[in-house]
Amino acid sequence: MKWTIEAFKEASAARMADTKNYFKKLIKKTPKNLDLIMQDLHEEVFDYTNCLQCANCCKTTSPIFTTKDIAKISKHLRIKEIQFINQYLRIDEDNFYVLQTAPCSFLMADNECMIYDVRPKACSEYPHTDRKKFIQIASLTLKNTEVCPAVLDIVEKLKQKVPFN
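Numbering (this note's numbering), first residue to last: 162 to 326.
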């Protein structure tokens with residue numbers, strides 16, 4: 162489904178209670194083929210999703226930066242790692258490196274990423290809906306239904322494919 166950000170936020174909020182209940186049931190009664198179902202739904206939704214038309218993840222949410230990410234990006238920017246950390250990152254309440262500001266400092270006006278080829282692993286794997294052992298990140302996916310229109314679509318399709326009555 163094509164969303165405006167405003168319509169997406171309204172739809173996400175309106176469905177949150179139902180989605181929370183659904184995930185509780187999904188965790189209790191996880192189908193054996195859930196990873197396969199999620200991979201299929203991920204591919205289906207991303208066949209019609211153009212992230213560059215949205216970039217809400219980059220505008221609202223920071224990825225976690227690993228030491229590998231920091232080294233790779235610093236090298237690309239030709240600055241020292243400590244300079245990169247001081248200029249762009251902070252340590253969050255979970256003791257992870259995250260961006261100091263939102264939107265992302267590397268997001269350009271056309272929603273392209275200035276460091277796309279060396280972007281953090283968390284960015285390259287986002288929204289994590291096609292990963293193995295999906296059930297382990299169910300709580301993250303629930304949060305991402307408020308960030309990414311594609312995740313909301315995937316979850317709504319999952320509710321139809323694996324109903325709990």
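Cβ coordinates follow ideal geometry from the N, Cα and C atoms, glycine included.
Quick caveat: nothing in here was measured; it's all calculated off a predicted structure.
Simplified DSSP state of residue i, which is helix, strand or coil
i, result
"Cys274", "strand"
"Val279", "helix"
"Tyr249", "helix"
"Phe169", "helix"
"Phe295", "helix"
"Val308", "coil"
Chain-order list of residues whose beta-carbon lies under 8 Å from that of residue i (same chain, five-residue window excluded)
i, result
"Asp271", "Leu213"
"Ile231", "Glu242, Phe245, Ile246, Leu250, Tyr258"
"His237", "Ile276, Asp278, Val279"
Outcome for residue i when other beta-carbon atoms lying within 10 angstroms are tallied against a minimum of 16
i, result
"Asp179", "exposed"
"Met199", "buried"
"Ile166", "exposed"
"Tyr183", "buried"
Cβ-based neighbour list, residue i, same chain, cut-off 6 Å, excluding 5 preceding and 5 following
i, result
"Pro206", "Strictly speaking, residue 206 in this sequence is Val, with Pro absent from that position. Cβ within range, chain order: Ala311, Asp314, Ile315."
Neighbourhood of residue i by C-beta, 7 Å cutoff - its chain only, sequence neighbours within 5 removed
i, result
"Leu301", "His289"
"Asn305", "Pro288, Val312"
"His203", "Thr290, Asp291, Ile315"
When you compare the segment 217-236 with the segment 271-287, are there three or more beta-carbon pairs, one atom per stretch, that lie closer than 8 Å?
Under the Cβ criterion (8 Å, minimum of three pairs), the segment 217-236 counts as touching the segment 271-287.
Taking the runs of the alpha helix (DSSP H) that are 4 residues or longer, which of them lie wholly in the segment 178-209?
Within the segment 178-209, the complete alpha helix (DSSP H) runs of at least 4 residues are 195-209.
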